[in-house]
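As structure tokens, the structure follows; a few thoughts come after it.
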Amino acid sequence: YHNLIEFCEMIIGFDEDLESIKKPIAAALALSGKKLLNDGNPNNTELILQVSKKAIELTKQQSRIFIACLDNLLEAGAYAEIKKYIDLVPTDEMSEELAAIELAVYEKTEDTAHVYVKAQNLIKSNQVTPNVYLILLRSAKAMGKSKDQLEDIVYDGVKQFPELRAQFDQLLS
């Protein structure tokens, strides 16, 4: 654990040309950020933010590493940082995973009606991940949609993601 923090601090402060090893270092930083998050130590929040930002600088937009770092930032509650990075990606080039992360940020920072409409638009444009349906259901429930409307959302969600039936049912109750 202690070595992980030292590794992260060393890489963040490293100013040499990292071109030939950017991807492995970015991957290591993303995994380190996830490990630090899982440790649950609130003193690590700033380090998690720095590690994730450095990894994002070293990788390409929408790569698996980029998405993992944004997930780390989401889990750490750094919504403004995520918005900055997502705004750099053209809307027509946004992957399903990135659109789902953006929606998750909206769920935390925007009003419920806006989140509901955004989730519906993602489904209509076929940018669907399980999280999009879960967020749509949560926002619909918060808006006081009828039981029939909620059940329709669950039906559509289960049709695409049957493995999430239990989560949908739990949210419905």
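Residue 85 is where the sequence shown starts when you use this note's numbering, and the numbers rise one by one after that. Here a beta-carbon is modelled for each residue, glycine too, at the ideal position from N, C-alpha and C. Here the structure is a predicted model, which means the values were calculated and not measured.
7 Å Cβ shell around residue i - same chain, five flanking residues per side excluded
{"i": "Ser116", "result": "Leu88, Phe91, Cys92 and Val135"}
{"i": "Arg249", "result": "Val242"}
{"i": "Gln204", "result": "Leu220"}
{"i": "Gly97", "result": "none"}
{"i": "Lys168", "result": "none"}
Which listed residue (the options) has its alpha carbon closest to that of residue i
{"i": "Gln244", "options": "Tyr217, Arg222, Gly124 and Ala110", "result": "Tyr217"}
{"i": "Lys107", "options": "Gly97, Leu133, Leu142 and Asn127", "result": "Leu142"}
{"i": "Lys137", "options": "Asp240, Ile166 and Arg148", "result": "Ile166"}
{"i": "Thr213", "options": "Ala112, Ala188, Gly97 and Leu234", "result": "Ala188"}
{"i": "Ala111", "options": "Asn210, Ile95, Gln233 and Leu256", "result": "Ile95"}
{"i": "Ser147", "options": "Thr175, Leu120, Ser179 and Asn210", "result": "Ser179"}
{"i": "Ser209", "options": "Glu235, Thr175, Lys231 and Asp236", "result": "Thr175"}
{"i": "Glu177", "options": "Thr193, Gln211 and Ile207", "result": "Gln211"}
{"i": "Ile149", "options": "Asp236, Pro126, Lys118 and Glu235", "result": "Lys118"}
Residue i classed as buried or exposed, judged by whether at least 16 other C-beta atoms fall within 10 angstroms
{"i": "Asn122", "result": "exposed"}
{"i": "Tyr239", "result": "exposed"}
{"i": "Asp171", "result": "exposed"}
{"i": "Glu191", "result": "buried"}
{"i": "Ser104", "result": "exposed"}
{"i": "Leu256", "result": "exposed"}
{"i": "Ser223", "result": "buried"}
{"i": "Phe252", "result": "buried"}
Residues near residue i by beta carbon distance below 6 Å, same chain, minus five either side
{"i": "Cys153", "result": "Ala114, Ser136, Ala139 and Ile140"}
{"i": "Ala226", "result": "Thr196"}
{"i": "Asn215", "result": "Ala184"}
{"i": "Glu181", "result": "Ile151"}
{"i": "Asn128", "result": "Leu120"}
{"i": "Leu206", "result": "Ala183 and Val216"}
Beta-carbon contacts of residue i that lie in its chain and below 8 Å, excluding the five residues immediately before and after
{"i": "Ile185", "result": "Ile151, Leu154, Asp155, Leu158, Ile166 and Ile170"}
{"i": "Val173", "result": "Gln145, Gln146 and Leu182"}
Counting pairs of Cβ atoms below 8 Å between the stretch 152-161 and the stretch 194-214, do you hit three or more? no
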